[in-house]
Structures are given as structure tokens and as C-alpha cells.
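Asker: Plus 1 on top of the position in the sequence shown (first one is 1) and you've got the working numbering.
First, the structure itself, so that you have it in front of you.
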Amino acid sequence: MAKTKSAFFCQECGAQSPKWIGKCPSCGKWNTYVEEIISTDKVAAYQRDPSEKKKALSPVRLGDEVSETTERIQIADNEFNRVLGGGVMPGSVILVGGEPGIGKSTLMLQIAANYPESGVLYVSGEESIHQIQSRAKRIGLKADECYLLADTFTPDIIKISKKLNPQLLIIDSIQTMRTDRVESGAGSVSQIRESTAEIISFAKNRNIPVFLIGHITKDGSLAGPKVLEHMVDVVLYFEGDRNNIYRILRTVKNRYGSTSEMGIYEMQQDGLISVENPSELLLSGRAENLSGIAVGATMEGLRPILIEAQALVTKAVYGTPQRSVNGFDMRRLNMLLAVLEKRCGLRLGMQDVFLNIAGGIRVDDPAIDFAVIASLISSYEDIQIPVEWCFAGEVGLAGEVRAIPKIEQRIAEAAKLGFNKIFVSANIKSIPKSIKGIDIIKINKVQTFHEYFIK
């Protein structure tokens, strides 16, 4: 009879303890330790196939060429290629997380149906084959080389994958997978860790890219042990509001590219549609002859995006002034309000302030500060900002407008969308002369813009 032993694992971070404890010393969460049975005498469920070539266990110089291909696979989705850094890398393991119902399975099914290489295996542990086929039919997908499998046992999935030899493997979702290496239930820390390890070993040995769909917890982090994010090569978050048609794909970790890229999708009845020009789409619903609206130029990776900042400043009639923000950092808004009150003399202490970034996008780029300042001044003075004006600059505590990187791309994007004025920092050393059709206004302080605006 196989010897077994039990251990307690934190369901938040995966920390192990020989006994139950109330508070996890690793992540600080309470009541997250669960007892799991670990088999000590079982043989590992997944073993290397003898037919596979074993890599030589000898060191290789950094400058030596390797025989493995590093050419990326270009899929039909340009937004997905951009987020991954130029395409899918063979042998990479990509984890895609997001809230329930946000469209993760739909996105993966579209990628499977449009994958350029023949032979894709889509494994679902949550839906039946009939449900997947119904969704594919509803959004108009047809793919003769996309195979479906409804199973949750990792060794069997790997065995079938070896026979089929697919060019892409999709697991939906990793929390439903289980292996006989451990005896705990599916979704536990041990099962997620061991199942992921088996899939990664298979992907690296066969040089096959793998997509893992992951659940997230109520606080927005990926469910399962934190080591899961360390094991995979790429971590993507699929975000969005159910009341909004736009979905955002962000890179959190990428061993093969930048982590500052972002892809935007539009949820339609026939699936997720890539948004090739997000600036034009996000500004399409702009209203004219209204105060408190300003357009700022931000960067997401290598892509310039123009977004709309909407501000409402009104007298507080319920006592304590309110501060409400959507898509922007609350602490940074408080800093900008203090700058306006100190440097421009605006009495905002007894004013309610509401700020919204249109389109459901969250912005972390400091270059949007100037647009936020402009929208606050416009709402406070109740004067409309001309729709042909754009802003790009970071605002410091002294009220100075600071220079920002990649100003040429921002100006070019504004000129392309028909803006005839862009306000930038006066500290920019060189302004490109090749951009025509737009006037570049240099501002050194927010006081200067305030005086310029209320004239």
C-alpha cells in the first residue's frame, strides 16, 4: 500500500505548512490553508517519451547558434500579435486570465480557428464539445483542422497530443486539470502546479506553443499558486466591463517581448473584432460645445492612443466634497487638484470633483496629466476646450509641465486625426519639423495655460 502524507497549502500563494495555521506568513491572507494529500510512492504520471531527442547536457556559449527555430508564428489577429511582441513563439506557454464571461474562451476559439499552422487541439474541462461547436457556429467560425477534446486528466491529454501532434494546444482552463501525481482535488494548489509542470514539459520537448486559460480571484489576481505565473513564459490579462463593448488585452509578463503592449477588441455578435485604430474609435462619441472635456495623447507600448478625459467640478452641497475617479489614479488626481489650488488659485477645496476616462480604459501614463488638468480647468471655469486641441505632458508638484518620451509619435497621431493644436512641454529639446497641419504650443507651467485658456 502506497504511503501517503498530508500537508497544508495556502490557496492564495501556494505556501506549504506541515500543520494548519490561520494566517499565511507568505501572503498575509487569513483562513486560506487547506489540507491536501500527497502521494510519496507513486511513479510520476508523465515521463519523457524515449522517441524524443534528449538535449545534450553540456554548456553552450552565449554566442553559439542553436538549431531550434525562433521564428514567430503570425496569426490572423494583429492585436494579439502586437501584445505577444510580434507573434507566437514556438514552445512558449502563455497564460490568459480574466473575469468570468469576459470572452476568454471566445478569443481562444477564434485563435484556434484562424491559426495558420494545420492541426490545433482545443481541450475544454468546463464545456462539452457540443457547447464549443455551438459557440463556433454562432460567431461564424469554420476550421477543419481544429480538434476538440473534453477531458480534464492531464496524462491522457498529453498522450492524445503526442498521437495527434498538434501545432497549437489550448487548455480551457488550467484550474480544471488534474493529474495522478497528487491526490488532492482539481483546482487545488498542488493539482494546478503539477498539471502545469506536465504541460510545460510537453510543450518544451515538442516545441509546441500552449495557451492556458486561467481563472481569477475576487481581488483580480490569477487563481492558484503564485508560482504558476513564474512557470509560464507569458501572462496576459483580458479586461473589460460587461456594460462596455470594448475588451483590453494587457501583458503582465513576457519573456519574448515588451510588457507595455495593449490590444483592444470590440465585442460584437459575431465575436471579438480587433480594433486597428483605437484613437479614432475612442473619440468617435465626442460631444461638442461642452466644458470639462480634453483629449490627451498616451502611449501603450509602441502605439500612440488619443483618449478623452472628462471632468466635472461642481459646488459641494452635501458637506464633505466628493472625489470620484474612473480609469485614473485617485492619488494622482488629488495631487493635480492640489497643484491647481496652489499654483493657479482655483478654490477646489469645497468642490465635488468627478473624473472619467472615456471608453472604459485605465491609464497609467503620466503624460495624460496635462489633459486632466485642462479638463478640470475647463469644468471649473465652465469654458469649452476647442475640439481641435490636444494635450501631452506630465505635471509636477511645482506646476511645471515636464517633457515626456516619444513625443513625435504622439504629435503625429494627433495630426492624423485632425487636431490642429497640441500643447506640450516647453522643455522639449527638438520638435519634428516634418509633421504638418498641426501647431505645437509650448507651455512651461500650468499657470501659463490657465491664463492662455481664459483669455
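Just so you know, even glycine gets a beta-carbon here, dropped at the ideal spot from N, CA and C.
For V396, tell me which candidate among I408, P387, V425 and Q410 has the shortest Cα-Cα distance.
Answerer: Stepping through the sequence shown from its first residue, residue 396 is reached at position 395. That would be V425, whose Cα lies nearest to the Cα of V396.
Asker: Taking DSSP as the reference, what is the three-state secondary structure of D220?
Answerer: Walking along the sequence shown from the start, residue 220 turns up at place 219. D220: coil per DSSP, three-state reduction.
Asker: Using only alpha-carbon positions, find the residue among L341, Q270, D234 and E277 that is nearest to A375.
Answerer: Here residue 375 is taken as the residue at index 374 of the sequence shown, counted from 1. Among L341, Q270, D234 and E277, the Cα nearest to that of A375 belongs to L341.
Asker: Given a threshold of 16 other Cβ atoms within 10 Å of its Cβ, counted over all protein chains shown, does W31 qualify as buried or as exposed?
Answerer: The residue you call residue 31 lines up with position 30 of the sequence shown. Exposed, since its Cβ has fewer than 16 Cβ neighbours within 10 Å.
Asker: For Q352, which three-state DSSP category applies?
Answerer: Here residue 352 is taken as the residue at index 351 of the sequence shown, counted from 1. DSSP places Q352 in strand when its eight states are reduced to three.
Asker: Go ahead and label C28 buried or exposed: buried means 16 or more other beta carbons lie within 10 angstroms of its beta carbon, across all protein chains shown.
Answerer: Indexing the sequence shown from 1 puts residue 28 at position 27. Exposed, because fewer than 16 other Cβ atoms sit within 10 Å of the Cβ of C28.
Asker: Based on Cα-Cα distance, which residue from A404, F450, E382 and D157 lies nearest to L349?
Answerer: Taking the first residue of the sequence shown as position 1, residue 349 is located at position 348. The shortest C-alpha separation from L349 is found at E382.
Asker: Who are the Cβ neighbours of V228 in its own chain at under 8 Å, not counting the five residues just before and after it?
Answerer: Residue 228 sits at position 227 when you count from the first residue of the sequence shown. G15 and R194, listed in sequence order.
Asker: Which residues in the same chain have their Cβ closer than 8 Å to the Cβ of P117, if we skip the five residues on either side of it in sequence?
Answerer: Numbered from its first residue, the sequence shown carries residue 117 at position 116. Around P117: I74, Q75, I76 and A77.
Asker: Does K343 come out as helix, strand or coil in the three-state DSSP assignment?
Answerer: Counted from its first residue, the sequence shown places residue 343 at position 342. Reduced to three states, the DSSP call for K343 is helix.
Asker: Rounded to whole angstroms, what is the Cα-Cα separation between I441 and E409?
Answerer: Here residue 441 refers to the residue found at position 440 when the sequence shown is read from its first residue. Here residue 409 refers to the residue found at position 408 when the sequence shown is read from its first residue. Distance between the alpha carbons of I441 and E409 is about 11 Å.
Asker: Mapping the DSSP letters down to three states, classify V314 as helix, strand or coil.
Answerer: As a working mapping, residue 314 is identified with position 313 in the sequence shown. V314 falls in the strand class under three-state DSSP.
Asker: Is Q12 helix, strand or coil by DSSP?
Answerer: Position 11 of the sequence shown, counted from the first residue, corresponds to residue 12. If DSSP states are grouped into helix, strand and coil, Q12 belongs with coil.
Asker: Let me check understanding here. Comparing Cα to Cα, which of I246, V276 and Y34 lies closest to G23?
Answerer: Here the question's residue 23 lines up with position 22 in the sequence shown. The option with the nearest alpha carbon to G23 is Y34.
Asker: So, helix, strand or coil for R139, using DSSP?
Answerer: Taking the sequence shown and counting its residues from 1, the one referred to as residue 139 is at position 138. Helix.
Asker: Between V94, S185 and I249, which has its C-alpha nearest I172's C-alpha?
Answerer: For the purposes of this step, residue 172 is taken as the residue at position 171 of the sequence shown. Of V94, S185 and I249, the residue nearest in Cα terms is V94.
Asker: Here's the rule I'm using: 16 or more other beta-carbon atoms within 10 Å means buried, otherwise exposed. How should R83 be labelled?
Answerer: Translated into the one-based positions of the sequence shown, residue 83 becomes position 82. Burial call: buried.
Asker: With a cut-off of 8 Å, do at least 3 Cβ pairs link the segment 165-182 to the segment 210-218?
Answerer: Touching, yes.
Asker: Ordered along the chain, which non-local residues of its own chain (more than five positions away) have a Cβ less than 8 Å from that of G394?
Answerer: Taking the sequence shown and counting its residues from 1, the one referred to as residue 394 is at position 393. Cβ neighbours of G394 beyond the five flanking positions: A368, D370, F371, V402, R403, A404, I405, F424, V425, S426 and I444.
Asker: Can you list the beta strand (DSSP E) stretches of 3 or more residues lying completely in the segment 163-236, in chain order?
Answerer: Within the segment 163-236, the complete beta strand (DSSP E) runs of at least 3 residues are 169-173 and 211-215.
Asker: Nearest CA to the CA of N428: which residue from K446, E309 and C345?
Answerer: Counted from its first residue, the sequence shown places residue 428 at position 427. Ranking the options by Cα distance to N428, first place goes to K446.
Asker: Quick one, which of V253, S380 and K316 has its alpha-carbon nearest A310's?
Answerer: As a working mapping, residue 310 is identified with position 309 in the sequence shown. The option with the nearest alpha carbon to A310 is S380.
Asker: Can you round the beta-carbon distance between G328 and I358 to whole angstroms, since I take them to be within the 8 Å contact cut?
Answerer: Your numbering for residue 328 matches position 327 in the sequence shown. Your numbering for residue 358 matches position 357 in the sequence shown. Contact flag correct, Cβ pair sits at about 3 Å.
Asker: With distances taken from CA atoms, which of V276, F450, R256 and L338 is nearest G87?
Answerer: Locating residue 87 in the sequence shown gives position 86, where the first residue counts as 1. Taking only the C-alpha atoms, the option nearest G87 is R256.
Asker: Using only CA atoms, which one of R304, G302, L283 and L303 lies nearest to V296?
Answerer: Here residue 296 refers to the residue found at position 295 when the sequence shown is read from its first residue. Among R304, G302, L283 and L303, the Cα nearest to that of V296 belongs to L283.
Asker: Expressed to the nearest angstrom, what Euclidean distance is found between the alpha-carbon atoms of E13 and K254?
Answerer: Counting from 1 along the sequence shown, the entry for residue 13 is found at position 12. Counting from 1 along the sequence shown, the entry for residue 254 is found at position 253. Distance between the alpha carbons of E13 and K254: 19 Å.
Asker: Can you tell me whether P26 is buried or exposed, with buried defined as 16 or more other CB within 10 angstroms of its CB?
Answerer: Within the sequence shown, the letter at position 25 stands for residue 26. Classification for P26: exposed.
Asker: Do the segment 101-117 and the segment 127-141 touch if we need at least three Cβ pairs shorter than 8 Å?
Answerer: Yes, since at least three Cβ pairs between the segment 101-117 and the segment 127-141 fall closer than 8 Å, the two stretches touch.
Asker: Can you tell me the Cα-Cα spacing of A416 and G438, whole angstroms?
Answerer: In the sequence shown, counting from the first residue as 1, residue 416 sits at position 415. In the sequence shown, counting from the first residue as 1, residue 438 sits at position 437. For A416 and G438, the distance between alpha carbons rounds to 6 Å.
Asker: Just the Cα atoms here: how many angstroms apart are K20 and F9?
Answerer: Within the sequence shown, numbered from 1, the residue matching residue 20 stands at position 19. Within the sequence shown, numbered from 1, the residue matching residue 9 stands at position 8. The straight-line gap from Cα to Cα measures roughly 6 Å.
Asker: I'd like the list of long-range same chain contacts for Y47, defined as Cβ closer than 7 Å, with 5 residues on each side in sequence excluded.
Answerer: Position 46 of the sequence shown, counting from 1, holds the residue named residue 47. Note that Y47 scores a pLDDT of 44, beneath 50, so its modelled location is shaky; the value from the coordinates is reported in the next line. Around Y47: P156, I159, E199 and S202.
Asker: Exposed or buried, P387, counting other C-beta atoms within 10 Å across all chains shown (16 or more means buried)?
Answerer: To locate residue 387, count along the sequence shown from 1; it is residue 386. It is exposed - the Cβ of P387 has fewer than 16 other Cβ atoms within 10 Å.
Asker: Report the rounded CA-to-CA distance for K43 versus R333, giving the unit in angstroms.
Answerer: On the sequence shown, position 42 is the one that residue 43 refers to. On the sequence shown, position 332 is the one that residue 333 refers to. In this prediction, K43 has a pLDDT of 48, which is less than 50 and means its spatial position is unreliable; what the coordinates show is noted afterwards. Cα to Cα, K43 sits roughly 55 Å from R333.
Asker: Quick check: what's the CA-CA separation for E128 versus T218?
Answerer: For this step, residue 128 is matched to residue 127 along the sequence shown. For this step, residue 218 is matched to residue 217 along the sequence shown. Taking the straight line joining both Cα atoms gives about 20 Å.
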